[in-house]
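Just so we're aligned: 166 in the UniProt record's numbering is position 166 of the sequence shown, and the numbers increase by one with no gaps anywhere.
Where a beta carbon is used, it is the ideal one built from N, C-alpha and C, also for glycine.
The structure under discussion appears below in the form of structure tokens.
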Amino acid sequence: MTTDTVHAGAAGTWQLGDLTVNRMGLGAMRLTARADGSPSDRDRAVAVLRRAVELGVNHIDTAAFYFSPLRSANELINRALWPYPDDLVIVTKVGPGRDPSGGWLPAARPDQLRGQVEENLRQLGRDHLDVVNLRVHGPEPLAEHYGALAELRDAGLIRHLGVSAVRPHQVAEARTVAPVVCVQNSYGLGYRRSHDELIRDCATHGTAFVPFFSIVTSGREAGATGEEHPEVLAVAREHGVGPAQIRLAWTLGRGPNVLAIPGTGDPAHLEQNVAAAALRLSPEDLARLDAV
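Following this line, the structure appears as structure tokens:
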């Protein structure tokens with residue numbers, strides 16, 4: 001496959017509320033730092049963002065707490081893509097927070113969420129946010145937090161809402177407060193397959209399921225130090241692609257409502273990830289991958 005045929009729309013589209021996105025997107029976390037934790041190269045990160053849009057990526061996942069000592073994902077997005085294309089959907093998340101040194105703060109209270117939303121608005125240079133996910137940790141009720149975001153939606157600061165790192169009962173709870181356009185949980189080939197039922201539930205409700213860590217290997221993201229499963233490597237060789245592309249194709253094949261947001265700060269890896277939107281796995285491939 002040549003680079004001029006690579007396009008994020010090859011896997012089709014899905015609706016986030018009234019916003020249409022290509023199912024292959026981009027996660028912004030990896031733009032801020034190298035694998036060893038040192039700050040990323042600013043010009044390279046900007047080039048990755050601009051190239052992603054050229055390749056049809058119109059769904060970027062970010063957060064104000066994605067930053068390294070010298071780089072902020074939101075501000076990189078702002079620098080690279082402002083003025084934003086009309087069809088670009090930027091999805092951010094609130095709940096967690098970090099102090100200027102990078103240390104994690106206690107999870108935000110409901111009354112602190114507006115400040116987090118406003119910080120995302122400031123960094124991105126927007127007057128409203130397309131989609132805001134409430135990131136939670138633990139099985140506790142989320143209605144009060146989600147309700148606070150629903151008030152900001154009603155005030156025009158947010159267009160649509162979603163949830164992240166949630167249990168199925170929390171998705172149902174959130175739906176009693178306000179519409180849920182996406183559910184963002186960790187999920188991938190051989191990783192947290194317990195979410196299969198949640199994916200089907202989301203599809204029934206017209207909700208996107210947006211997995212992060214969809215290219216995990218041995219508990220780490222592909223491209224780090226985790227060892228790849230031999231069956232993934234074998235299927236990748238037969239298709240003439242890399243193992244991360246097989247994992248992405250498998251993920252997109254889980255349902256028409258499943259969106260991919262692989263992150264990278266490498267232009268070559270970006271091309272490979274987006275190319276996976278056009279990769280179709282056969283029933284025989286899928287049967288072999290079930291062993292992973």
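1) Suppose you measure from the CA of Tyr146 to the CA of Ser101; what does that come to, to the nearest Å?
2) Skipping 5 residues on each side, what residues in its chain have a beta carbon closer than 6 Å to that of Gly56?
3) If you measure between the beta carbons of Ala165 and His137, is that distance less than 8 Å?
4) Cutting at 7 Å between CB atoms, please list the residues of its own chain near Thr207, excluding the five before and the five after it.
5) Does DSSP put Asp130 in a helix, in a strand, or in coil?
6) Report the residue from Ala268, Leu289, Thr176 whose alpha carbon sits nearest the alpha carbon of Arg51.
7) Expressed to the nearest angstrom, what Euclidean distance is found between the alpha-carbon atoms of Arg44 and Ile246?
8) Which word fits Ile90, buried or exposed, when buried means at least 16 other C-beta atoms lie within 10 angstroms of its C-beta?
9) Output the residue ranges of the beta strand (DSSP E) runs that lie fully inside the region 139-214 and measure 3 residues or longer, sorted by chain position.
10) How would you label His169, buried or exposed, when you count the other beta carbons within 10 angstroms and need 16 or more for buried?
11) Cα separation between Tyr66 and Gly265?
12) Check Trp14 in the structure and name its three-state DSSP category.
13) Can you confirm whether the region 25-35 touches the region 246-255 when touching is taken to mean that 3 or more C-beta pairs between the two stretches lie within less than 8 Å?
Let me spell this out:
1) 28 Å
2) His7, Ala8, Gly9, Asn22
3) yes
4) Val180, Val181, Cys182, Val183, Asn257
5) strand
6) Ala268
7) 26 Å
8) Ile90 should be labelled buried.
9) The beta strand (DSSP E) runs lying completely inside the region 139-214 and spanning 3 residues or more are 158-164, 182-184, given in chain order.
10) exposed
11) 13 Å
12) strand
13) no
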